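Step one of this worksheet: look at the structure below.
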Amino acid sequence: MNLEVSERRHDVTEQSEHPSSWATSSGRKIIDISLELDATKFRMRTYEGFKKDMQFDIEVIKEYPGGLGQIVRGAHMRLHAGTHVDAPSHMVQGGKQIHDLALDLFIGGAVVADVRHRGGKEGITADDVEKSVGRHYQRGDRVLLRTDINKEYDGSPEWMARAPYVADDAVLWCAEHSLSVVGFDFYHANEPGPMDPENCTTRKLLERGIITMPYLTNLWSITKARVTLVSLPLKMKHVEASPIRAVVLEE
Ligand SMILES: [Zn+2]
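Dropping the structure here:
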């Protein structure tokens, strides 16, 4: 694959002034669908049962003076901060961890299901997914659910309230059509009602071996029906999730 960047395109998103897509010398387009992690803006909610609140933060542990004249920073973050991938063990005790997952899950065909018509607490149905991607998907593909809600991500209760959820028949549709990954650009965890393990969209997918990829954004920049997703986790052992840099390649 020739991914040399020949020209920068300045498709500036609401998130930052960095470009969100690039054209390569081979004519391929790289679209960044990751959420920006900025310690001054990125906040996550801390729920009942957490041992501690751990917000994304960067700490300088060595300044330039001294030693080799280098600066060294460390990050405080949940493995679920920003764009990331959840392994089955996130929800299933004894389930596969990140290091158990085959890398080909993270590089391959993907389709964008346009579900922008689904508002807060509305179910995304099998029919919605079928209508949007039924003609384009291939078995093993990754499906990226597009609502554009993360265009205005702030982690607030209002942001959460705007999110639809994946209805049970859509979870089954994904399983029956052998989809491997479901990506979200909206708050992804719960169905309406009390916070209950049985109401958790992520659990329903992970229990079926379908990997979840939350905190995506910029899906509106994808113009092709079928694209290649590249979204590799860090090579960490014994963890249930990993940050990723998720990009889409358009031919
Ligand atoms: Zn997660």
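Read in order, the letters of the sequence shown are residues 1417 to 1667 in our numbering. For each residue, glycine too, the CB sits at the ideal point set by N, CA and C. None of these values were measured; they are calculated from a predicted model.
With distances taken Cα to Cα, identify the nearest neighbour of Tyr1553 among Ser1647, Ser1658 and Ala1641. Working through the sequence shown from its first residue, we reach residue 1553 at position 137. Nearest C-alpha to Tyr1553: Ala1641.
With 16 other Cβ atoms within 10 Å as the buried cut-off, status of Leu1495: Stepping through the sequence shown from its first residue, residue 1495 is reached at position 79. It is buried - the Cβ of Leu1495 has at least 16 other Cβ atoms within 10 Å.
By the 10 Å Cβ neighbour count, where 16 or more other Cβ atoms means buried, how is Met1493 classified, buried or exposed? Walking along the sequence shown from the start, residue 1493 turns up at place 77. Classification for Met1493: buried.
If distances are taken between C-alpha atoms only, which option among Gly1498, Arg1489 and Gln1471 comes closest to Ser1714? Given a span of 1417 to 1667 for the chain in the structure shown, any question on residue 1714 remains unanswerable.
Local Cβ density within 10 Å of His1506, reported as buried at 16 or more and exposed below that: Start at 1 with the first residue of the sequence shown, and residue 1506 comes out as number 90. Classification of His1506: buried, given that the 10 Å Cβ count is 16 or more.
Output needed for Phe1472: all residues of its chain with C-beta closer than 6 Å, excluding positions within five of it in sequence on either side, in chain order. Sequence index remark: in the sequence shown, residue 1472 carries index 56 (1-based). Closer than 6 Å at the Cβ level, and outside the excluded window around Phe1472, lie Leu1453, Ala1455, Phe1458, Met1493 and Ala1497.
Hey, is His1506 close to ligand 1, as in C-beta under 7 Å from one of its heavy atoms? Along the sequence shown, read from residue 1 onward, the residue named residue 1506 stands at position 90. Result yes, Cβ under 7 Å from ligand 1.
Ligand 1 site residues, beta-carbon cut 5 Å against heavy atoms: His1496, Asp1502 and Ala1657
In three-state terms, what does DSSP make of His1533? Locating residue 1533 in the sequence shown gives position 117, where the first residue counts as 1. Three-state DSSP puts His1533 in coil, outside helix and strand.
My parser needs the beta strand (DSSP E) runs of 3 or more residues fully inside the stretch 1618–1642; what are they? 1627–1629
CA nearest to the CA of Tyr1603, picked from Glu1574, His1593, Leu1622 and Trp1589: Taking the first residue of the sequence shown as 1, we reach residue 1603 at position 187. Looking at the Cα atoms, Glu1574 is the closest of the given residues.
Taking the alpha-carbon positions, what's the Gly1625 to Ser1596 distance? Along the sequence shown, one-based indexing puts residue 1625 at 209. Along the sequence shown, one-based indexing puts residue 1596 at 180. When rounded, the distance between both Cα atoms is 8 Å.
Between the CA atoms of Gly1443 and Ser1647 - distance to the nearest angstrom: Position 231 of the sequence shown, counting from 1, holds the residue named residue 1647. Position 27 of the sequence shown, counting from 1, holds the residue named residue 1443. Taking the straight line from one Cα to the other gives about 21 Å.
Beta-carbon within less than 7 Å of Ala1583's beta-carbon, same chain only, minus the 5 sequence neighbours each way: which residues are those? Counted from its first residue, the sequence shown places residue 1583 at position 167. Taken in chain order, the residues that qualify are Gly1539, Ile1540 and Thr1541.
Quick one: residues in its chain with C-beta nearer than 7 Å to the C-beta of Ile1660, no 5 flanking neighbours on either side, listed in chain order? Position 244 of the sequence shown holds residue 1660. Answer for Ile1660: Thr1499, His1500, Val1501, Ser1647, Leu1648 and Pro1649, listed in chain order.
Based on Cα-Cα distance, which residue from Asp1530, Ile1523 and Lys1537 lies nearest to Gly1556? To locate residue 1556, count along the sequence shown from 1; it is residue 140. If we check each option's Cα against that of Gly1556, Ile1523 comes out closest.
Suppose you measure from the CA of Ala1577 to the CA of Val1598; what does that come to, to the nearest Å? Within the sequence shown, numbered from 1, the residue matching residue 1577 stands at position 161. Within the sequence shown, numbered from 1, the residue matching residue 1598 stands at position 182. Using only the alpha carbons, I get a separation of about 20 Å.
Spatial neighbours of Arg1551 within its chain, please: CB distance less than 7 Å, with the 5 preceding and 5 following residues excluded, ordered by chain position. On the sequence shown, residue 1551 is found 135 positions in, with the first residue counted as 1. Result list for Arg1551: empty, nothing under 7 Å.
CB-CB under 8 Å to Gln1486, same chain, minus the five flanking residues each way: which ones, in chain order? As a working mapping, residue 1486 is identified with position 70 in the sequence shown. Hits under 8 Å: Lys1478 and Tyr1480.
How would you call Phe1466, buried or exposed, if buried means at least 16 neighbouring beta carbons within 10 angstroms? Residue mapping note: residue 1466 aligns to position 50 of the sequence shown, counting from 1. Per the 10 Å Cβ criterion, exposed.
Between Ala1586 and the rest of its own chain, which residues show a CB-CB distance below 6 Å, the 5 nearest in sequence each way excluded? Sequence index remark: in the sequence shown, residue 1586 carries index 170 (1-based). These residues qualify, in order along the chain: Ile1540, Thr1541, Ala1542 and Val1545.
Select from Val1488, Gly1511 and Leu1484 the residue whose C-alpha is nearest the C-alpha of Val1655. Counting from one through the sequence shown, the residue named residue 1655 turns up at place 239. The residue with the shortest Cα to Cα distance from Val1655 is Gly1511.
Buried or exposed by the 16-neighbour rule on C-beta atoms within 10 Å, applied to Asn1418: Within the sequence shown, residue 1418 is the residue found at index 2, counting from 1. The predicted model places Asn1418 with a pLDDT of 44, which falls under 50 and marks its position as unreliable; any figure quoted below should be read in that light. Asn1418 comes out exposed.
Classification of Arg1363 by the beta-carbon crowding that lies within 10 angstroms, buried from 16 upward: A query on residue 1363 cannot be resolved here, the shown segment of the chain reaching from 1417 to 1667 and no further.
Since Val1528 contacts Leu1621 with CB under 8 Å, what's their CB separation in whole angstroms? Against the sequence shown, residue 1528 aligns to sequence position 112. Against the sequence shown, residue 1621 aligns to sequence position 205. With a Cβ gap of about 17 Å, Val1528 and Leu1621 do not count as contacting.
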